[in-house]
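From first to last, the protein sequence lines stand for chains A and B. Under my numbering, the first residue of the first sequence carries the number 1035, and numbering increases by one thereafter. Under my numbering, the first residue of the second sequence carries the number 560, and numbering increases by one thereafter. We put the beta carbon where it would ideally sit given N, CA and C, even for glycine.
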Amino acid sequence: MNSGIDLEMSFTQGIQNLGFSPEVAHLLWIPLPMLLVLVSAVIGVLVTVWLERKISAAAQQRIGPEYAGALGILQPMADGLKLLVKEDIIPARADSVLFTVGPILVLVPVILSWLIVPFGQNLLISNVGIGIFLWIALSSIQPIGLLMSGYSSNNKYSLLGGLRAAAQSISYEIPLALAVLAIVMMSNSLSTVDIVEQQNSAGFLSWNIWRQPVGFIIFWICALAECERLPFDLPEAEEELVAGYQTEYAGMKFALFYLAGYINLVLSALLVSVLYLGGWGFPISIDWFSSLIGISIDNPLIQITAASLGIVMTVLKAYLLVFLAILLRWTTPRVRIDQLLDLGWKFLLPISLVNLLVTASLKLAFPMTFGG
Amino acid sequence: MLGFLQKVADYTQDAVGAAKYLVQGLGVTFDHMRRRPVTVQYPYEKLIPSERYRGRIHYEFDKCIACEVCVRVCPINLPVVDWVMNKETKKKELRNYSIDFGACIFCGNCVEYCPTNCLSMTEEYELAAFDRHSLNFDNVALGRLPTSVTSDPSVRPLRELAYLPETIMDPHELPSNQKRAGQLPSQIVNELKKKKSQENKNSTDILTNKLDSINK
C-alpha cells in the first residue's frame, strides 16, 4: 500500500529548505491543523444547521429559510451573529463558575475528538495509537459538563435535564464502545487510519457494514443517543423540561451548547463513515481502477485526485448519514425515559455483547475475511 | 426451555416489526420531501377570501335610516348610532355611526337584519393596529372599500379549497383560466329556477286534468 500525500512532511521539508531547523518547522506546522479543524468543524456545523432547517422544511412541506442569502444559506450565520451579540445572563443564585465552565466542558472534548478523524491516508491531525479509544474516552467527559451546567443553573428543569443527559450518555456509551470493539477486533488496530485501510481492499464490498451490520445499527442508535437527537432528545424535551440543561442559558454560552450538539452530530456521522462505510475509500477500488486506465498508482495526478476525492467521499458519506439523522428526527416520536433505558440496557447491551462474541468466533473460524 | 425460546422468538419478532415500521415511516417522510411546499408567502402571496367571507363591515351612510336594528341584534349592542329628531320635518337626522372592530366578533347579525342593506361584509381581514382605539371606525372609515387581493398589483392572489379545480390542491402553478370544481352559485340558481318552473307547469297540468275529470 502506498502512503499517499503527506502534507506535514512536504510542509516541514519546505520550511527546512528555507534554512530553518526541523524543530522550528514542526512548531510552525502545529497551529495549522488546529486552525483547520476549528474552521472545518464550524463550517461543517453551519452546513448542517442549514441542511437541518431546509430538510425539515421539505419534510413538512414548508419552504424554510429563504431570504438570508441564496436559498437561505446565510441563515446559520445570522443565527450565530444573533447569539454572539445577545446579553450574557447568569441567573441569580446560580453558581457562576460552574455555570460558565459547563458549556466549555461540553464543547472542548467534541472538538478534540476531531483529532482522530481521517480524511485521507495522511490527512488527519494525529494518527495516535489509541485512535478510536480516544474518542470514546473524550466523549465520557461531556456528561460531566452537562451535569455541571444543569446543577449550577439553580433551576429544576435544568437539573432534571442534566441528570437525564448524564444517565443517557452513560448508558449508551457501553453498547457504543462494544460495537467499536468488534470493529477493532476485526482490524487488529485502534487507529482510525488502519481501520479504514483494512476496509479498502475491494471497494464497497469490503466495507465493514457488510461484516458488522448489527454493529452498524447499534453504533448509529447509540451515536444518535449520544448526540441527544430525536428520538433520544429527552434531556431537552421541551414539552416536559422547557429546554433541559440549556434552560437558563442565553447568548454565547447557549451557542456553545448548540455548536457542541451539531459538531457532535457531524463527528458521529464522520466516525460511522470511517468505521463502517470505508472512510475515504471509493465504492470501487482505486488500485483496480488505476490499473484499468493504465496509469501507475504513484502517478502524481492520480495521487492528487485520489486525495481530494477521498475528502469528498468522507464528507459525502458523513452528510448522507446526517441526512438520515434529520429524516429520522421527523419520523420517530420521542421515547420515554424508561423506554430509553430499556432500549439501552435490555436491548442494545446484550445484542452488542452477542455481536462481539459472534465477531470473535467468526474471526477464529474465518481469519481471512474477519481479519485474523 | 421451550418457553424461553418462545420468548426469544417473540422478542425478535417484535424487534423486526419495530424496524419494519421505522423504515415505513422513513419512507413516508422521504416521500413528503419531493412535494411542493404548501406555504403561502403572506405579504407577497395572499389567499382569495371566499364570497361569503365575514370581514370588516362596510357601511353606507346615505342608505341608513337610523332605525337601530343593528344595535338590537348585536350580541353586545356595539354599533353607535348618533341621531337627533328633527322637529320640523319629524324625521330622524343621522349625525354619526361607528362600530368598534376591537370588540366586534364579525357574526354578521347587523348585516343580516339591516332593513335598507346599508351594512355589508367585506373581505378585509388585516385589522392590526398599534392602538386598539384606532379600530373604532366612524362612518367615514366604515365607508371605505378595501383593496381587493385580486386587484392589488403587489400581491399574488392564490385560490384555495373549493375554488381550485377538481383534484388540485396546490394553487401556485395554476393558470387563471382553469375553472373551479362544480358549478358557480349563479349557475345553480338558474338551474333551480328552471326546475321550479317545469314543476309548476306539471302541477298545473295535473290540476287541469283533475278538473276535467270532475267536470265529466
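Proximal chain A residues relative to residue i, where beta-carbon distance stays under 9 Å
i, result
"residue 730 of chain B", "In chain order: nothing, as chain A lies at least about 14 Å away."
"residue 581 of chain B", "1362, 1365, 1366"
"residue 717 of chain B", "The contacting residues do not exist; residue 717 of chain B stays about 14 Å from chain A at best."
CB of residue i within 7 Å of CB of residue j, strictly
i, j, result
"residue 1237 of chain A", "residue 1367 of chain A", "no"
"residue 1303 of chain A", "residue 1349 of chain A", "no"
"residue 1132 of chain A", "residue 1186 of chain A", "yes"
"residue 1226 of chain A", "residue 1300 of chain A", "no"
"residue 1252 of chain A", "residue 1382 of chain A", "yes"
"residue 1269 of chain A", "residue 1278 of chain A", "yes"
"residue 1127 of chain A", "residue 1188 of chain A", "yes"
"residue 698 of chain B", "residue 620 of chain B", "yes"
"residue 683 of chain B", "residue 606 of chain B", "no"
"residue 1075 of chain A", "residue 1297 of chain A", "yes"
"residue 1165 of chain A", "residue 1224 of chain A", "yes"
"residue 680 of chain B", "residue 667 of chain B", "yes"
"residue 1046 of chain A", "residue 1063 of chain A", "yes"
"residue 1285 of chain A", "residue 1120 of chain A", "yes"
"residue 1398 of chain A", "residue 1212 of chain A", "no"
Neighbour-count burial assignment, residue i, 16 or more Cβ in a 10 Å radius
i, result
"residue 1231 of chain A", "buried"
"residue 1245 of chain A", "buried"
"residue 618 of chain B", "buried"
"residue 1377 of chain A", "buried"
"residue 728 of chain B", "exposed"
"residue 1061 of chain A", "exposed"
"residue 710 of chain B", "exposed"
"residue 690 of chain B", "exposed"
"residue 1267 of chain A", "buried"
"residue 1287 of chain A", "buried"
"residue 1402 of chain A", "exposed"
"residue 1056 of chain A", "exposed"
"residue 650 of chain B", "exposed"
"residue 1256 of chain A", "buried"
"residue 1400 of chain A", "exposed"
"residue 1176 of chain A", "buried"
Selection from the options that minimises the alpha carbon distance to residue i
i, options, result
"residue 677 of chain B", "B/625, B/582, B/589, B/731", "B/625"
"residue 1375 of chain A", "A/1228, A/1346, A/1206", "A/1206"
"residue 1352 of chain A", "A/1222, A/1311, A/1071", "A/1311"
"residue 1405 of chain A", "A/1344, A/1217, A/1119, A/1077", "A/1217"
"residue 659 of chain B", "B/748, B/636, B/710, B/739", "B/636"
"residue 1078 of chain A", "A/1339, A/1293, A/1397, A/1325", "A/1293"
"residue 674 of chain B", "B/725, B/657, B/602, B/628", "B/628"
"residue 1221 of chain A", "A/1046, A/1176, A/1241", "A/1241"
"residue 1198 of chain A", "A/1180, A/1283, A/1249", "A/1180"
"residue 1094 of chain A", "A/1361, A/1379, A/1102, A/1050", "A/1361"
"residue 1323 of chain A", "A/1234, A/1088, A/1148, A/1247", "A/1234"
"residue 1043 of chain A", "A/1059, A/1052, A/1172, A/1053", "A/1059"
"residue 1090 of chain A", "B/581, B/590, B/654", "B/590"
"residue 1117 of chain A", "A/1283, A/1395, A/1373", "A/1283"
Chain B residues whose Cβ lies nearer than 9 Å to that of residue i
i, result
"residue 1092 of chain A", "591, 592, 593, 594, 596"
Neighbour list for residue i in chain B, Cβ cutoff strictly below 8 Å
i, result
"residue 1097 of chain A", "596, 598, 600"
Partners in chain A for residue i, counting only beta-carbon separations shorter than 7 Å
i, result
"residue 588 of chain B", "1093, 1361, 1364, 1365"
Partners in chain A for residue i, counting only beta-carbon separations shorter than 8 Å
i, result
"residue 614 of chain B", "What residue 614 of chain B touches in chain A: nothing, since even the nearest Cβ is about 27 Å away."
"residue 584 of chain B", "1365, 1366"
Expected contact under 8 Å - CB spacing of residue i and residue j to nearest Å
i, j, result
"residue 776 of chain B", "residue 1096 of chain A", "A query on residue 776 of chain B cannot be resolved here, the shown segment of chain B reaching from 560 to 775 and no further."
"residue 1141 of chain A", "residue 1290 of chain A", "5 Å"
"residue 1364 of chain A", "residue 1153 of chain A", "30 Å between Cβ atoms; not a contact."
"residue 1203 of chain A", "residue 1274 of chain A", "About 18 Å; that fails the 8 Å criterion."
"residue 1170 of chain A", "residue 1214 of chain A", "7 Å"
"residue 739 of chain B", "residue 751 of chain B", "Rounded, the Cβ-Cβ distance is 19 Å, inconsistent with contact."
"residue 656 of chain B", "residue 623 of chain B", "6 Å"
"residue 1115 of chain A", "residue 1146 of chain A", "Not confirmed; about 26 Å, so no contact."
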